[in-house]
Amino acid sequence: MPKPSDSDDTRIKRSTFLKGIIGLTVAGVTGKFLYDRYNTLAHVPVRLLGPSMDFGHMVRDGSLKPDPNAPVSQKVKVLIIGGGIAGLSAGWWLKREGMEDFMLLELEGKTGGNSASGENHVSAYPRGAHYIPLANAESTYVRMLFQELGIIESVDAAGTATYNGLYLCHDPEERLFKDGSFQEGLVPNRGLRPEEKAEIERFFKVIVDFRNKTGSDGKPAFAIPLDLSSRDEEFRSLDRISMEQWLKQNNFSARPLLWYVDYCTRDDYGAKPADVSAWAGIHYFAGRRGLAANAEQNAVVTWPQGNGFVVQKLTEKLASNISTDACVFHIESRADSVRAAYIDRKSRKTFLIEADHLIFACPRFIFPRVLKLDASGNSIDMDYVKKVVYPPWMVANITLRSLPPARGIARAWDNVCYLSDSLGYVVATHQNISTRLSSPTVITYYYPLADRKPDNGRTALYRADPEDWKESIVEDLKRMHPTIDRYIESIELWPWGHGMVSPGLGYVWGETRQKLLQDLDRIVFAHSDMSGISNFEESQYRGVEAAIKVKARLR
Numbered sequence: 001m002p003k004p005s006d007s008d009d010t011r012i013k014r015s016t017f018l019k020g021i022i023g024l025t026v027a028g029v030t031g032k033f034l035y036d037r038y039n040t041l042a043h044v045p046v047r048l049l050g051p052s053m054d055f056g057h058m059v060r061d062g063s064l065k066p067d068p069n070a071p072v073s074q075k076v077k078v079l080i081i082g083g084g085i086a087g088l089s090a091g092w093w094l095k096r097e098g099m100e101d102f103m104l105l106e107l108e109g110k111t112g113g114n115s116a117s118g119e120n121h122v123s124a125y126p127r128g129a130h131y132i133p134l135a136n137a138e139s140t141y142v143r144m145l146f147q148e149l150g151i152i153e154s155v156d157a158a159g160t161a162t163y164n165g166l167y168l169c170h171d172p173e174e175r176l177f178k179d180g181s182f183q184e185g186l187v188p189n190r191g192l193r194p195e196e197k198a199e200i201e202r203f204f205k206v207i208v209d210f211r212n213k214t215g216s217d218g219k220p221a222f223a224i225p226l227d228l229s230s231r232d233e234e235f236r237s238l239d240r241i242s243m244e245q246w247l248k249q250n251n252f253s254a255r256p257l258l259w260y261v262d263y264c265t266r267d268d269y270g271a272k273p274a275d276v277s278a279w280a281g282i283h284y285f286a287g288r289r290g291l292a293a294n295a296e297q298n299a300v301v302t303w304p305q306g307n308g309f310v311v312q313k314l315t316e317k318l319a320s321n322i323s324t325d326a327c328v329f330h331i332e333s334r335a336d337s338v339r340a341a342y343i344d345r346k347s348r349k350t351f352l353i354e355a356d357h358l359i360f361a362c363p364r365f366i367f368p369r370v371l372k373l374d375a376s377g378n379s380i381d382m383d384y385v386k387k388v389v390y391p392p393w394m395v396a397n398i399t400l401r402s403l404p405p406a407r408g409i410a411r412a413w414d415n416v417c418y419l420s421d422s423l424g425y426v427v428a429t430h431q432n433i434s435t436r437l438s439s440p441t442v443i444t445y446y447y448p449l450a451d452r453k454p455d456n457g458r459t460a461l462y463r464a465d466p467e468d469w470k471e472s473i474v475e476d477l478k479r480m481h482p483t484i485d486r487y488i489e490s491i492e493l494w495p496w497g498h499g500m501v502s503p504g505l506g507y508v509w510g511e512t513r514q515k516l517l518q519d520l521d522r523i524v525f526a527h528s529d530m531s532g533i534s535n536f537e538e539s540q541y542r543g544v545e546a547a548i549k550v551k552a553r554l555r
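Numbering (the numbering used here), first residue to last: 1 to 555.
Right, here's the structure in full:
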């Protein structure tokens with residue numbers, strides 16, 4: 001996908017978006033064809049939605065002020081701020097342990113965070129995270145939740161789980177568009193030179209070796225959640241070099257392999273291999289060791305709404321403890337309690353809630369905006385928060401009359417184009433076993449702005465006109481489906497300004513993350529940025545661990 005440069009002018013210009021079209025013209029595409037195509041595309045409605053920037057920016061700018069004389073409107077034992085997977089998991093664990101006296105405040109009108117989802121007349125669809133791998137043996141909280149929700153149906157004496165077949169991703173799971181047609185799987189396997197094939201095989205042999213390694217402390221070299229990984233220096237040292245450096249040191253240079261690794265780091269971290277630590281890059285491959293009695297090791301569970309399915313189930317369990325449209329703009333840490341001021345986005349009324357303990361389950365960059373002093377009245381040094389990187393993303397949900405034809409294998413759940421700057425798309429209706437090939441569908445398109453500094457990427461993300469995004473996205477999709485513009489009914493854009501944490505050099509085992517793990521007075525933190533890897537397992541782990549800590553303090 002054509003993208004803006006990392007210059008002072010970060011606005012995505014129409015000329016930049018359309019440079020691929022100019023290339024088509026030079027190649028001999030007629031003016032009439034261009035006119036017909038754009039005439040078709042011009043009638044496609046596009047909506048720009050996304051998280052609530054207006055209130056978020058008011059918190060950032062400090063324009064919301066607490067009333068020092070405001071009475072406390074509610075008292076609870078535990079207050080949870082943030083309704084993403086971490087916050088919901090904290091609430092799930094508290095309620096599971098018999099704790100009812102807590103409240104969860106969520107800024108948006110719906111819970112979910114990065115696992116948010118939407119729905120239209122065709123299907124539900126994800127606006128962020130869209131799958132969960134098979135749970136590792138050490139991912140005990142995930143396995144407990146999966147059994148409770150019926151995602152895992154049974155576990156045998158050896159600990160091997162049988163998953164609900166409706167939730168395991170149906171075949172074909174993945175396909176890659178390369179050399180004019182789709183191949184099965186995302187690792188390039190067609191049109192390769194013998195030395196390229198040999199290098200890819202060597203890479204995965206190294207990965208399998210890492211996957212099977214155990215440290216001197218008896219822990220797996222790469223575990224999920226990552227805090228259960230070995231602390232051996234042999235592995236931790238990989239955090240101090242980039243994935244790009246590690247590939248060079250190990251003589252991996254084949255273009256198809258380098259593209260695949262680049263795709264994977266952008267997929268999970270929103271960043272290029274040069275900007276991701278080698279430990280995190282290897283963890284992407286070697287950390288996944290989940291097994292199932294009825295699925296292959298690399299299988300995943302997914303739903304039309306992506307991880308919004310789990311969000312929905314957790315929200316139903318916590319319904320009486322959740323208050324949405326609640327924008328927390330001030331936190332006061334006291335010796336005997338914590339107070340939080342929030343504004344109801346609908347009524348515009350301000351409320352003050354007091355708790356014995358607070359679980360802050362939001363991205364950490366927000367925290368310095370809402371709390372300035374500790375319980376002793378001292379300023380808090382939170383400069384380390386500035387070192388946490390959150391790359392921006394664009395997610396587009398495209399409603400189609402049907403999925404257009406393409407050369408190669410049949411349509412899959414995950415569809416990726418070789419050498420594209422995007423991550424391709426997933427099909428929301430793939431899990432619907434009764435769906436016909438000609439049925440309407442929704443595809444979810446992912447594009448991390450990984451080729452620029454995050455601040456510039458955020459500016460470009462929001463300044464671009466929705467029509468420009470529409471044309472750019474469709475132009476990219478036409479590489480896989482040349483006639484896709486004739487099938488589009490509508491497009492929904494969902495920009496994520498701070499899409500996910502990215503594990504740069506030294507982040508996983510370095511000083512910044514160690515500071516993120518520290519509590520503050522009666523405030524306990526819970527978010528995936530405390531891991532450096534933004535996935536379901538890490539978010540849930542942080543939420544449950546925070547709940548366990550708070551529950552122990554309450555005793």
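Heads up, the beta-carbon is just placed ideally off N, CA and C, and yes, glycines get one too.
Counting only unbroken stretches of 3 or more residues, the beta strand (DSSP E) elements lying wholly within the region 428-453 are 441-448, in sequence order. In this structure, VAL474 places its C-beta atom within 8 Å of the C-beta atom of LEU41. Three or more beta-carbon pairs separated by less than 8 Å link the region 173-183 to the region 402-411, which places the two stretches in contact. Under the Cβ criterion (8 Å, minimum of three pairs), the region 299-315 counts as touching the region 120-127. Remark: C-beta atoms of LEU358 and ILE523 approach each other more closely than 8 Å. The alpha-carbon of GLU148 is positioned some 40 Å away from that of ILE380.
The beta carbon of GLY270 is closer than 7 Å to those of PRO391, TRP393, PRO448, ALA450, GLY499, MET500, SER502 in its chain, skipping five residues each way along the sequence. Proximity of the region 279-287 to the region 112-125 falls short of the contact definition, fewer than three beta-carbon pairs being nearer than 8 Å. By the Cβ test, the region 330-347 is not in contact with the region 144-158, since fewer than three Cβ pairs between them sit closer than 8 Å. In the three-state reduction of the DSSP assignment, TYR390 falls in the coil class, being assigned neither a helical nor a strand state. Here the C-alpha atom of ALA292 lies approximately 21 Å from the C-alpha atom of LEU226. Beyond the five residues adjoining it in sequence on each side, THR162 comes within less than 8 Å, by CB distance, of ILE152, GLU153, SER154, VAL155, ASP156, ALA292, ALA293, ASN294 in the same chain, given in chain order. Between the region 260-268 and the region 129-140, the count of C-beta pairs closer than 8 Å stays below three; the two stretches do not touch.
Annotation: the region 466-526 contains the following complete segments of the alpha helix (DSSP H) (minimum length 4 residues), in chain order: 466-477, 511-516.
Here VAL72 is exposed, its C-beta having fewer than 16 other C-beta atoms within 10 Å. Between the alpha carbons of GLN312 and LYS372 lies a gap of roughly 34 Å. Around the Cβ of VAL208, a 10 Å sphere holds fewer than 16 other Cβ atoms; the residue is exposed.
For MET243 and ARG463, the gap between their C-alpha atoms comes out near 31 Å. Of the other Cβ atoms in all chains shown, 16 or more fall within 10 Å of the Cβ of GLY543; this residue is therefore buried. Separation of the CB atoms of ARG401 and VAL427 is rounded to 14 Å, and the pair is thereby denied contact status at 8 Å.
Residue environment: HIS527 is assigned as buried (16 or more neighbouring CB atoms within 10 Å of its CB, all protein chains considered).
Taking 3 residues as the shortest admissible run, the region 98-164 contains the following complete beta strand (DSSP E) segments, listed from N- to C-terminal end: 102-105, 117-119, 124-126, 152-155, 161-163. With respect to ALA361, GLY109 sits apart: the two C-beta atoms are not nearer than 8 Å.
Cβ contact annotation for LYS346 (same chain, cutoff 7 Å, sequence separation greater than five): ASP325, in chain order.
With respect to GLY506, ASP239 sits close: the two C-beta atoms are nearer than 8 Å.
In the three-state scheme derived from DSSP, where H, G and I count as helix and E and B as strand, PHE252 is classed as coil. Around the C-beta of ASP336, fewer than 16 other C-beta atoms lie within 10 Å, and the residue is accordingly described as exposed. For ALA355, no alpha helix (DSSP H) run applies; the uninterrupted beta strand (DSSP E) run containing it begins and ends at 350-360, by DSSP. Buried is the label assigned to ARG175, since at least 16 other Cβ atoms lie within 10 Å of its Cβ. Here DSSP, grouped into helix, strand and coil, assigns TYR167 to coil. Listed in chain order, the non-local C-beta contacts of ASP262 below 7 Å within the same chain comprise LYS272, PRO273, local neighbours out to five positions each way being set aside. Within the DSSP bridge table, the entry for CYS417 names PHE177 as partners. The Cβ-Cβ distance between GLN540 and ILE85 falls below 8 Å. Rounded to the nearest whole angstrom, the CA to CA distance from ASP67 to PHE536 is 37 Å. The beta-bridge partner set that DSSP reports for ARG411 is empty. In terms of Cβ geometry, SER490 and VAL44 form a close pair [threshold 8 Å].
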